[in-house]
Amino acid sequence: MTKFAAIKGFVFDLDGVIADTSVYHAQAWHQLATELGVAWNDELADDLKGVSRMDSLELILKAGGKTDAYTQAEKEAYATKKNDNYLALLKNMDASAILPGIADFLADLKKHDYQLSLASASKNSPLVLEQLGLADYFSARVDPATLKHGKPDPEIFARGAAILNLRPDECIGVEDAKAGVQSINAAGETSIGIGDLQTLAAADINFTSTKDLTLANIEQALA
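The numbers in the sequence shown follow my numbering, run straight up by one, and end at 227.
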């Protein structure tokens, strides 16, 4: 792992790391899965975390044995419908949705001159950041529409470092999903996994809660 002193930037996922938007995604996907006649369960919900919209739809269809049941145009229409449901749910979001400790952590990173970028698969991340009042922290954002590959491919986190003009080994990536941690590792960055230790065992550093995400704790973990 990279030494703490060499770290110059942090590349963040959004859902489940900065704010609990995953609950809105889950509700919207649940609505669509029910419409498609696919049984919803916790395992399927976990599999969708950190995955792009179209890839998430494919996972739902696969779970229901419906992979070849729809045309590409129909799939895109369903993905759009899910997003419309999600945006409607987002209207109730405000700063209270910021996960514990994250606002203080972001302020501390800025205070210590770390560079920050956002590597979210969500095309709605600018809207979410505005609603949370955190947009000023993330002027550097990876545009998911420009990506060729979704997580666990390293492209999004590699791009997150590149837009900061930093090497991957100068960055720490922060994720709450297994696919996201795999993406960070494959990009050559130091990975922090937030959540279940067993699920995120591949992460270089594990914290069970965002409350534990502090520079002091990271420095200790990299000592």
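In this text, a Cβ means the ideal position worked out from N, Cα and C, and glycines have one as well.
{"Check": "Burial state of S126, where buried means 16 or more other Cβ atoms lie within 10 Å", "Outcome": "buried"}
{"Check": "Within the region 54 to 139, ranges of the alpha helix (DSSP H) (whole runs, at least 4 residues)", "Outcome": "57 to 67, 76 to 94, 106 to 115, 129 to 136"}
{"Check": "Coil, strand or helix - I22 by DSSP", "Outcome": "coil"}
{"Check": "Beta-bridge pairing of F14 - partner residues as DSSP gives them", "Outcome": "L120, I176"}
{"Check": "N-terminal and C-terminal residue of the alpha helix (DSSP H) that G154 is part of", "Outcome": "Unbroken run through G154: none, as it is neither H nor E."}
{"Check": "Contact check, I196 vs A207, beta carbons under 8 angstroms", "Outcome": "yes"}
{"Check": "Cβ pair count under 8 angstroms reaching 3, the region 187 to 195 against the region 161 to 173", "Outcome": "yes"}
{"Check": "N210 - partner residues in DSSP beta bridges", "Outcome": "G197"}
{"Check": "Cβ neighbour criterion (16 or more within 10 Å) applied to P104", "Outcome": "exposed"}
{"Check": "As assigned by DSSP and simplified to three states, the class of R171", "Outcome": "coil"}
{"Check": "When H153, L151, T25 are compared against A99, the one with the closest alpha-carbon", "Outcome": "T25"}
{"Check": "DSSP three-state assignment for A144, whether helix, strand or coil", "Outcome": "strand"}
{"Check": "The alpha helix (DSSP H) enclosing G41, as first and last residue numbers", "Outcome": "Where G41 is concerned, there is no enclosing alpha helix (DSSP H), given that its DSSP letter is neither H nor E."}
{"Check": "Which of helix, strand or coil DSSP assigns to A30", "Outcome": "helix"}
{"Check": "8 angstroms Cβ cutoff met for H29 and D19", "Outcome": "yes"}
{"Check": "Span separating the alpha-carbon of E223 from that of F8", "Outcome": "6 angstroms"}
{"Check": "CB contact flag (K86, A181, <8 angstroms)", "Outcome": "no"}
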